[in-house]
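All residue numbers for the sequence shown refer to this note's numbering, where the first residue is 505 and numbers rise by one.
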Amino acid sequence: MDDPTLIDRVATSLGDKSLVLIGLMGAGKTTIGRRLASRLDVHFVDADLEIEKAAGCTIADIFKKFGEAHFRDGERRVIARLMSDGPQVLATGGGAFMNAQTRAAIHEKGVSIWLKADIDVLMKRVSRRSHRPLLQNDDPQAVMQRLMDERYPIYAEANLTIDSKEGPHDAVVDEIIQALDLHLTPSTSSKTQD
């Protein structure tokens, strides 16, 4: 779906807000985020890459050298800075939205979109890459299930929830744009007539 009127209405309604994609690793935040940004003609920013630039090393190295707490503090600071750069599509790391300060910054200056996926989809997607520090253990599926149990109740605070399922990424982008239109555009049917 490339309805120029719909896309223009969403982009105009967005103003200078950021669209912030949240979800577990493998939910499609980067892939879908790039396509969404292209459709809306805004910048795409990957928070993990910005964290690596700021730290001068990879996320895996940050975890290894300094631990997860140090990484999460840097992540919070980088996302707070990025939230002032809208409009943009910002893909965050899986744990970013767990921080209350980060959630507050996102709610203040953006629209949060949870890309929700079931465990089979997530495991299939993450098995294609080996750079996931939290999954470097003997039972990655158990870790993923634990992360789902811990994070999904917090992710549910997002402004929008979109099912990130197997299939064409463009179908998910279409669904996001339609949901954004409903979320951002005041309903004309609710206006009263004089």
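Note that beta-carbon positions come from the ideal geometry of N, C-alpha and C, so glycine has one too.
None of these values were measured; they are calculated from a predicted model.
For residue 540, the three-state secondary structure derived from DSSP is helix. In the pairwise beta carbon analysis, the stretch 574–590 is classified as not touching the stretch 617–634: fewer than three pairs are separated by under 8 angstroms. Take the alpha-carbon of residue 648 and the one of residue 627: they are about 8 angstroms apart. If only complete runs of 3 or more residues are kept, the stretch 664–696 shows the beta strand (DSSP E) at 664–667, in order along the chain. Residue environment: residue 686 is assigned as exposed (fewer than 16 neighbouring CB atoms within 10 Å of its CB, all protein chains considered).
Around the beta carbon of residue 552, 16 or more other beta carbons sit within 10 angstroms, so the residue counts as buried. Where residue 614 is concerned, the enclosing beta strand (DSSP E) starts and stops at 614–620.
The stretch 529–545 makes contact with the stretch 672–689; the number of CB pairs closer than 8 angstroms reaches 3 or more.
Scanning the stretch 530–612 for uninterrupted beta strand (DSSP E) segments of 3 residues or longer gives 547–550 and 592–595, listed from N- to C-terminal end.
For residue 525, no alpha helix (DSSP H) run applies; the uninterrupted beta strand (DSSP E) run containing it begins and ends at 522–526, by DSSP.
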